[in-house]
Amino acid sequence: MLLNEIMSNNKKFVDEFEVEKLSHLPQKKLVIVTCMDTRLVGFLEPALGIGRGDAKIIKNAGNNVICSDVIRSVAAAIFALGAEEVMLVGHTDCGMANSDSEKLKNSMIDRGIKEKDINEVNLKEWIGAIEDEESNVLKGVEKIKNHPLIPNDLPVHGLIINPNDGSLKILVKGY
Ligand SMILES: [Zn+2]
Numbered sequence: 001m002l003l004n005e006i007m008s009n010n011k012k013f014v015d016e017f018e019v020e021k022l023s024h025l026p027q028k029k030l031v032i033v034t035c036m037d038t039r040l041v042g043f044l045e046p047a048l049g050i051g052r053g054d055a056k057i058i059k060n061a062g063n064n065v066i067c068s069d070v071i072r073s074v075a076a077a078i079f080a081l082g083a084e085e086v087m088l089v090g091h092t093d094c095g096m097a098n099s100d101s102e103k104l105k106n107s108m109i110d111r112g113i114k115e116k117d118i119n120e121v122n123l124k125e126w127i128g129a130i131e132d133e134e135s136n137v138l139k140g141v142e143k144i145k146n147h148p149l150i151p152n153d154l155p156v157h158g159l160i161i162n163p164n165d166g167s168l169k170i171l172v173k174g175y
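Taking the working numbering, the leading residue of the sequence shown gets 1, the next gets one more, and so forth.
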């Protein structure tokens with residue numbers, strides 16, 4: 001079972017790890033909003049030169065800013081934790097681009113979700129499906145910048161990373 005495997009990995013890790021106490025404040029004064037894509041795990045950070053303790057990282061499906069929790073976490077990073085810049089980092093080949101809501105609906109029904117509950121939401125919107133990765137980043141940057149609880153002078157950058165080779169492209173320079 002996966003949980004057992006994880007627990008045994010953890011025991012080995014803790015036994016070998018030399019305790020280091022880092023500050024909970026982001027040393028690069030940076031907050032990153034990015035996608036939960038599996039290929040970015042352990043990859044986004046080295047590709048950006050970000051180490052442990054350097055940045056706050058907020059992840060969700062499709063690095064989507066539709067959800068108010070992203071703004072809440074960005075605000076916490078800025079006002080409570082000393083972050084001074086935001087980087088919204090999308091990626092090419094995102095699973096949330098052109099996602100098929102009919103297929104999604106069917107797999108929800110297969111798992112016992114009631115059709116009437118699904119029909120209560122606009123599924124495409126609710127799941128955060130995106131048209132294309134670059135325009136999703138541009139929209140997200142605008143949403144963060146224009147939010148009334150986010151300061152006007154906060155640099156919000158928009159970038160896109162290739163999850164295969166790690167190359168990063170700037171879409172919006174926030175300075
Ligand atoms: Zn993605």
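Where is the CB? At the ideal position from N, CA and C, for every residue including glycine.
Asked, Found
"Since residue 179 contacts residue 90 with CB under 8 Å, what's their CB separation in whole angstroms?", "Because the chain is modelled from 1 through 175, residue 179 falls outside the range shown and cannot be assessed."
"If you measure from each CB to the nearest heavy atom of ligand 2 and keep those under 6 Å, what residues do you get, in chain order?", "Although ligand 2 was asked about, the structure shown includes only ligand 1 as ligands."
"What's the call for residue 149, buried or exposed, on a 16-neighbour Cβ count within 10 Å?", "exposed"
"Apply the 10 Å Cβ neighbour rule to residue 56 and answer buried if 16 or more other Cβ atoms are within range, or exposed otherwise.", "buried"
"Looking only at its chain, what residues have a beta carbon closer than 7 Å to the beta carbon of residue 128, apart from the 5 residues adjacent to it on each side?", "61, 62, 64, 66, 96"
"List the residues that DSSP assigns as beta-bridge partners of residue 172.", "158"
"Between residue 99 and residue 19, what straight-line distance do the alpha-carbon atoms span, to the nearest angstrom?", "43 Å"
"Quick check: what's the CA-CA separation for residue 105 versus residue 161?", "29 Å"
"Output yes or no for whether 8 Å exceeds the beta carbon distance between residue 92 and residue 133.", "yes"
"List, from N- to C-terminal side, the alpha helix (DSSP H) runs of 4 residues or more that fit wholly inside the segment 65 to 121.", "68 to 79, 101 to 110, 115 to 118"
"What does the Cβ neighbour count give for residue 41, buried or exposed, with the cut at 16 atoms within 10 Å?", "exposed"
"What separation, rounded to the nearest whole angstrom, lies between the Cα atoms of residue 3 and residue 130?", "33 Å"
"Check each candidate in 135, 103, 137 and name the one with the smallest Cα separation from residue 124.", "103"
"Just the Cα atoms here: how many angstroms apart are residue 79 and residue 144?", "14 Å"
"Report the rounded CA-to-CA distance for residue 32 versus residue 158, giving the unit in angstroms.", "10 Å"
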